[in-house]
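Protein chains in written order, with my numbering: chain A, 1 to 465; chain B, 466 to 662; chain C, 663 to 913.
In this text, a Cβ means the ideal position worked out from N, Cα and C, and glycines have one as well.
One structure below.
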Amino acid sequence: MTLTDRVPGLALEKRRARFARRSLASDVLITCLWASGAVAVALYLSSGSVGRTSSAAEIITTVGAICGLVGCNYILVMLVLAARIPLLDRTIGHEQAIAVHRTMGKPALYLLLAHAALLLTGYGMSAGVNPIAEIIPMLSIPDMPLAFIALGLMITVVVTSLVAVRRRFSYEAWHLIHLLSYVAVAFAIPHQLSVGGVLADSTWQRYYWIALYVIAFGTIAVFRFVVPVVSSVRHGITVAAISPVAPGVTSMFLRGRGLSALNAVGGQFFVWRFLTRKTWWHSHPITLSALPTDTVARITVRGLGDGSSRVLNVPVGTRVMIEGPYGLFTSATRIAPKVAFVAAGIGVTPIRAMLEQGEFGPGEATVLLRASQPDEAYLWDEIEQLATRRGAACYSLVGPRASGANSWMSVGDAQRGVTIESILPDLANTDLYLCGPGGWLDSISAAARAAGVPRHQIHSERFDW
Amino acid sequence: MRARAVIGSVVASAAVLVAGWQAGATVDAATVASGHAPGSRVGAEPRGTATASPASPTGVASPGAGVALPSPGSSAPGGGGTTGRPAGGAAGAPAPVAPPAPAGAVDGVYTGDLVDTVYGTVQVRVAISGGRITDVVPLKLTDKGSESARYSREAAPILRSEVLSNQSASFTSMSGATYTSGGYLSSVQSALDQAGF
Amino acid sequence: MRNTFTTMGTVASLEVPREHMALVADVRELFERSESRFSLYRDDSELSLIASGRATLAESSAELRDAYASALEWRSLTGGSFTPHRPDGVIDLNGLVKARAIAESGALLQAGGCLDFTINVGGDILTGGMAPRAVPWRTGITDPAHAGDRNAAPLCSFPMSVHRAIATSGSAERGDHIWLTRSESAPEFVQVSVLADDIETADVLATAIIAAGYDFLSRATANWDIDVLTVDRAGELLVTPGLGGMLRTAA
């Protein structure tokens, strides 16, 4: 934190500028996303003679071809969104990128299904057969059998990602099936480059399309494979110590080299992979619960469910692979003069790290800690110390959950007439950082919105476990 | 989504679509500008043989003209049987569509229909002279570079006038059907030999 | 310098630089040997002896068996359009033998240091190097409509710069060595000229195209690096793009 950050006025200006830049970048990305679909259509339009379509069969095949181009374009965009590109993470955040990825899944598949159905129909019509009968001759065209398989694989991937179906699989099994999407995309390439004239040899359309593939697979190769491997080798991280914090909650200390080069900021997380025989294929996104030094990092994990228990049972000395740092739940997204950190349960970890980062002046920050029971006060002692040192006010809300709109606070608080405005007087000028379980998060966000806090001043991190 | 993002997306997408449409129109205009009747895209079934269009070579030109019009791959018009890559053997590229020269066809150069096949868009320019098709040139063979390379070796009609007009240089020998020793005396070769050095 | 001599029932014309005139004698001898072995017009030629049953193929010379094997290979390469087997069962190698003799002559001249030459044997031409004044050899193709007219203009002429050999087959003067493989129909082409890089290929394919018609023309152009010019019964021409391009541009 520089001197300017300590001068209230200047810091605010800097934050506003940063926010404006990021929101512009984010809008540019959104525009590119939609425009890429338009370019896919334009690939078809620019190859000529679309305006002269007249017969029904022609129109159907034209639309079918366009659906294929647009659908595949968006599948490639989805790959890029899942590639964990630092630029995307800094602009819209990894969580937001994955959210967009998820919403695009079904529409993209629908476009591909329409592509297949319309082309079978259109070509069938000009040959005088029904679409089903058209499948056989279509299969005899080179590269088409692979394309059919690709579509089948993609259907499998999307169907298994539907919430109802996904629940039946373990995460790892589901993820493995999901990786088939790469295979599907690859299998579709030959027919795209050989069938139909739009992407013909030596056309600019073909070069553009190949470039899209290079970007999609390239970013995945680089950011999901090369960078983590290089980073892990460079920093040589191992498990140094495991120490309990509270019943069911444990801190893990990790040792490494040159960790400051990672430039991890308070509130960010890494994806950890513990290299033991049983755990190497599991990856865990876990937030740092303290700022790392050059040689030591700390995460704090609540032992719920298979994943976290496995992490906690890993022997000392285990080598660890990391990806990151990721996350926009940091002071980088600050925009208002004041800041409030609100944590429920294990959601305390990024808050603790951000407090240590301390990008606020005395009197500017308020910390609010929520726990249903006293023994769920994980790391509160550290937080109180940091708050005192930084000149931040620190409150706690302990007790069983209140009902209705006040469910984010305890019964006792509700009865005493506590409201979000009473805790945070200058709410309109406050950045709210909220971290905790989903239900609690929704409740407090709603309260903040109702009190007039602008949406871009509410930052939340969902810890659903 | 923020308003700016919405507006940006709409404007950018519209601009891209318009540019694409224009580019497509330019491609068509180029075909029109070279003086030929513009074709329309016909969605032929994706077998590389333009079965729906009048590809039958027997319907071409005046009867008895005997012009051998190349029609690779479609010896049986209307064939649903030519599946797979029609490049096997002599077939080469997708069948060029040669519209029949109607009786009393006016001499000139015509552009055939754009036939949309999975191997690309095929369009053929046909020259008609004296009621016969005298030249068939593929205009658009946009796919499969190797196919076009093979296609380009097919023999195509050429006018005698085109050929005879370039006789400015002299030549040293003459190739013709084998003449007998007696026949030699009345062959051009003998004249060449006498004039030879 | 030009030299002509009679051989194989036709006339051969040779054009070689003056300093290599001595090699012409060797070429003539080569053709004489070939004729004495393969000519079906000589009762005592090896091939005639086999045809009449007085000798067997198994006892024949290596050269004859070589030629026969080559003919069989061409038969399979052309799918039967070219074949040494006459319908009456006689093995007729004349079609191939002339071309092979021309090729051997070319090799003989080159081995003797003569790199610039033209050999024309009855319409099959093999060229080497350059014509005098360092220009490519230029060849004409006869116009079948004016066969037998010594002063007729050729159908076309062109430099032998891409392919060095050209062979022309005609159905009008169809010799005994071309048998139509589709006996019902009249030949589609009355004259076929094939340009290739060796005279044997040119000769065989010209023969095969005349015999088998348009279908084989497509196959030939697709599978061999050749140029073709055909004349049909109506006098219309077909030409491959390479040769066509050369003919269309100014000489």
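### Query
Closest by CA to Gly918/C, which one among Val893/C, Leu817/C, Val689/C, Asn813/C?
For chain C, the structure presents residues 663 to 913; residue 918/C sits outside this window and is missing.
### Task
Scan the stretch 683-726 of chain C and note each continuous alpha helix (DSSP H) run of 4 residues or more that stays entirely inside, going in chain order.
Secondary structure within the stretch 683-726 of chain C: the alpha helix (DSSP H) runs of 4 or more consecutive residues, fully enclosed, are 684-700, 708-713 (chain order).
### Message
To be precise: take each residue of the stretch 790-802 of chain C, compare its Cβ to all Cβ atoms of chain B, and keep it if any distance is under 8 Å. Which residues remain?
### Response
For the stretch 790-802 of chain C, the beta-carbon criterion of a distance under 8 Å to any beta-carbon of chain B is satisfied by Ala793, Pro794, Trp799, Arg800, Thr801, Gly802.
### Residue-chain proximity (Leu45/A, chain B), Cβ-Cβ < 8 Å
Cβ-Cβ to chain B under 8 Å: yes for Leu45/A.
### Query
Quick one, which of Gly258/A, Leu212/A, Val214/A, Ala117/A has its alpha-carbon nearest Ser232/A's?
Looking at the Cα atoms, Gly258/A is the closest of the given residues.
### Query
Unbroken beta strand (DSSP E) runs of length 3 or more, entirely within the stretch 319-393 of chain A: which are they?
The beta strand (DSSP E) runs of length 3 or more contained entirely in the stretch 319-393 of chain A are, from start to end of the chain, 319-326, 338-344, 365-371.
#### Entry: Cα-Cα separation between Ala187/A and Gly152/A, rounded to whole angstroms
Looking at the sequence itself, residue 187/A is Phe, so the reference to Ala does not match. Their backbone Cα atoms lie some 11 Å apart in a straight line.
### Residue closest to Ala660/B, alpha-carbon to alpha-carbon, out of Asn813/C, Phe851/C, Tyr730/C
From the listed residues Asn813/C, Phe851/C, Tyr730/C, the smallest Cα separation to Ala660/B is found for Asn813/C.
### Query
Are three or more beta carbon pairs between the stretch 470-490 of chain B and the stretch 24-39 of chain A nearer than 8 Å?
The stretch 470-490 of chain B and the stretch 24-39 of chain A touch, with no fewer than 3 CB-CB distances between them shorter than 8 Å.
### Task
At 7 Å on the CB atoms, spell out the chain B contacts of Thr31/A, in chain order.
Those within 7 Å of Thr31/A in chain B are Ala470, Gly473, Ser474, Ala477.
### Buried versus exposed call for Lys106/A [16 or more other C-beta atoms within 10 Å across all chains shown]
Burial state of Lys106/A is exposed, judged by a 10 Å Cβ sphere holding fewer than 16 other Cβ atoms.
### Task
Using alpha carbons as the reference points, say which of Ala674/C, Phe744/C, His682/C lies closest to Gly641/B.
The residue with the shortest Cα to Cα distance from Gly641/B is Ala674/C.
#### Entry: Runs of beta strand (DSSP E) lying entirely within the stretch 803-835 of chain C, each at least 3 residues, in chain order
Segments of the beta strand (DSSP E) lying fully in the stretch 803-835 of chain C: 818-821, 827-832.
### Query
Per DSSP, Cys513/A is paired with what?
Outside the modelled stretch of chain A, which goes from 1 to 465, sits residue 513/A, for which no answer is possible.
### Task
Taking Phe225/A as the reference, give the member of Asp89/A, Ile322/A, Glu359/A, Leu87/A with the closest Cα.
Checked all of Asp89/A, Ile322/A, Glu359/A, Leu87/A; the closest Cα to Phe225/A is Ile322/A.
### Task
Spatial neighbours of Ser309/A within its chain, please: CB distance less than 6 Å, with the 5 preceding and 5 following residues excluded, ordered by chain position.
Once the five neighbours on either side are set aside, the close Cβ partners of Ser309/A are Gly303.
### Task
Determine which residues of the stretch 272-283 of chain A have a Cβ less than 7 Å from any Cβ of chain B, and write them out in chain order.
Flagged: no residues at all.
### Task
Keeping to the same chain, check which residues put their C-beta closer than 6 Å to that of Trp799/C; ignore five residues upstream and five downstream.
The beta carbon of Trp799/C sits closer than 6 Å to those of Thr780, Thr789, Ala793, Met822, all from its chain and outside the five residues before and after it, given in chain order.
### Message
Which residues of the stretch 90-118 of chain A have a Cβ closer than 9 Å to any Cβ of chain B? Give them in chain order.
### Response
Residues passing the 9 Å Cβ filter: none.
### Message
Under 8 Å, Cβ to Cβ, is there at least one residue of chain B near Val80/A?
### Response
Cβ-Cβ to chain B under 8 Å: no for Val80/A.
### Task
Mind checking who His284/A pairs with in its DSSP beta bridge?
For His284/A, the pairing in a beta bridge is given by DSSP as Trp272/A.
#### Entry: Backbone secondary structure at Gly641/B - three-state DSSP
In the three-state DSSP reduction, Gly641/B falls in the coil class, being neither helix nor strand.
### Task
Since I believe Leu76/A is in contact with Val100/A (beta carbons under 8 Å), could you give me their beta-carbon distance rounded to a whole number of angstroms?
About 14 Å; that fails the 8 Å criterion.
### Message
Measuring straight from C-alpha to C-alpha, what distance separates Arg255/A and Val185/A?
### Response
C-alpha separation (whole angstroms): 39 Å.
### Task
Give a yes or no on whether the C-beta atoms belonging to Thr121/A and Ala25/A are separated by under 8 Å.
Cβ atoms of Thr121/A and Ala25/A: not closer than 8 Å.
### Query
In chain B, which residues lie with their C-beta within 9 Å of the C-beta of Gly671/C?
Residues of chain B with a Cβ closer than 9 Å to the Cβ of Gly671/C are, in chain order, Thr643, Thr645, Ser646.
### Query
Can the beta-carbon of Val239/A be found closer than 8 Å to that of Val314/A?
In contact: Val239/A and Val314/A (Cβ atoms closer than 8 Å).
### Query
Going by alpha carbons, who is nearest to Phe270/A out of His459/A, Gly71/A, Arg84/A, Leu12/A?
When His459/A, Gly71/A, Arg84/A, Leu12/A are compared, the shortest CA-CA separation from Phe270/A is found for Arg84/A.
### Query
Considering only the beta carbon of each residue, do Gly399/A and Gly412/A sit closer than 8 Å?
Cβ atoms of Gly399/A and Gly412/A: closer than 8 Å.
#### Entry: Complete beta strand (DSSP E) runs within the stretch 719-801 of chain C (minimum length 3 residues, chain order)
If we require 3 residues or more, the beta strand (DSSP E) runs fully inside the stretch 719-801 of chain C come out as 779-783, 786-790.
### Message
Would Val653/B pass as an interface residue toward chain C - the criterion being a Cβ-Cβ separation below 8 Å?
### Response
Cβ-Cβ to chain C under 8 Å: yes for Val653/B.
#### Entry: Under 8 Å between C-beta atoms of Gln205/A and Ser47/A
Between Gln205/A and Ser47/A, the gap from beta carbon to beta carbon is short of 8 Å.
### Query
In angstroms, rounded to a whole number, what distance separates the CA positions of Met468/A and Arg166/A?
The structure shown does not extend to residue 468/A, since chain A is modelled only from 1 through 465, so no value can be given for it.
### Message
Checking the sheet assignment: what are the DSSP bridge partners for Ile242/A?
### Response
Within the DSSP bridge table, the entry for Ile242/A names Met252/A as partners.
### Beta carbon of Arg253/A nearer than 8 Å to that of Arg298/A
Here residue 253/A turns out to be Phe, not Arg, going by the sequence shown. Against a cut-off of 8 Å, the Cβ pair of Arg298/A and Phe253/A comes out as a contact.
### Query
Going by alpha carbons, who is nearest to Val245/A out of Val301/A, Leu262/A, Ala290/A, Gly391/A?
Among Val301/A, Leu262/A, Ala290/A, Gly391/A, the Cα nearest to that of Val245/A belongs to Val301/A.
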